[in-house]
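Peer 1: Structure provided below as structure tokens; questions to follow.
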Amino acid sequence: MLSRGGRKKVEKILRLHIDHESWIEQAFVREVKKRGGLALKFVSPGRVGVPDRIVLIPGGRCVFAEIKAPGKKLRKLQIAAHRVIHGFGLEVSVVSSLEEVKTFCERYFGQGIHTASVSAVRD
């Protein structure tokens with residue numbers, strides 16, 4: 001049986017793990033915006049597995065982004081949805097770390113623009 005202090009530590013660790021994906025998503029949205037893009041939340045009622053964000057990039061480009069917690073894998077329905085999107089000639093990027101946020105932004109917005117500013121939303 002854990003002491004009260006021990007339970008609180010375990011609960012904190014679990015919250016940090018659960019919230020990690022939301023931190024990455026917040027950093028992703030912020031960094032895309034800094035570069036003049038827009039990362040719209042993508043919700044498609046009745047269609048499961050769709051990517052989390054539609055990213056609008058200056059110059060008429062559109063990319064889908066799936067945000068995952070570090071170490072988490074795509075579900076089968078997500079893989080199937082990505083294949084459908086690829087079938088239309090569109091791109092889907094999977095982002096699961098702050099480093100991958102930076103890589104995404106460099107790839108789609110060019111290097112050297114705020115790339116050193118990617119940081120966690122919370123400490």
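Using the UniProt record's numbering, you'd call the opening residue of the sequence shown number 1 and step up by one each time.
All C-beta atoms, glycine included, are put in the ideal place defined by N, C-alpha and C.
What does the Cβ neighbour count give for Lys-68, buried or exposed, with the cut at 16 atoms within 10 Å?
Peer 2: Within the sequence shown, numbered from 1, the residue matching residue 68 stands at position 68. Buried, by the Cβ-count rule.
Peer 1: Tell me, to the nearest whole angstrom, how far the beta carbon of Asp-52 is from that of Glu-31; I am working on the premise that it is less than 8 angstroms.
Peer 2: Residue mapping note: residue 52 aligns to position 52 of the sequence shown, counting from 1. Residue mapping note: residue 31 aligns to position 31 of the sequence shown, counting from 1. About 15 angstroms; that fails the 8 angstroms criterion.
Peer 1: Determine the contact status of Pro-70 and Ser-97, defining contact as a CB-CB distance below 7 angstroms.
Peer 2: The sequence position of residue 70 within the sequence shown is 70, counting from 1. The sequence position of residue 97 within the sequence shown is 97, counting from 1. Yes, the Cβ-Cβ distance between Pro-70 and Ser-97 is below 7 angstroms.
Peer 1: Helix or strand or just coil, what does DSSP make of Ser-117?
Peer 2: For the purposes of this step, residue 117 is taken as residue 117 along the sequence shown, with counting starting at 1. Since pLDDT at Ser-117 reaches only 42, below the 50 mark, its modelled position is unreliable, and no value is offered.
Peer 1: So for Arg-53, helix, strand or coil by DSSP?
Peer 2: Taking the sequence shown and counting its residues from 1, the one referred to as residue 53 is at position 53. Looking at Arg-53 - three-state DSSP - the assignment turns out to be strand.
Peer 1: Go ahead and label residue 200 buried or exposed: buried means 16 or more other beta carbons lie within 10 angstroms of its beta carbon, across all protein chains shown.
Peer 2: Lying outside 1 to 123, the shown extent of the chain, residue 200 is not represented and no answer is given.
Peer 1: Among Ser-44, Leu-56 and Val-95, whose alpha-carbon lies nearest the alpha-carbon of Lys-72?
Peer 2: Here residue 72 corresponds to residue number 72 of the sequence shown, with the count starting at 1. It is Val-95 whose Cα lies nearest to the Cα of Lys-72.
Peer 1: To which residues of the same chain is Pro-58 closer than 6 angstroms at the C-beta, ignoring the five residues directly before and after it?
Peer 2: As a first step, residue 58 must be located in the sequence shown, where it is residue number 58. The residues are Gly-36.
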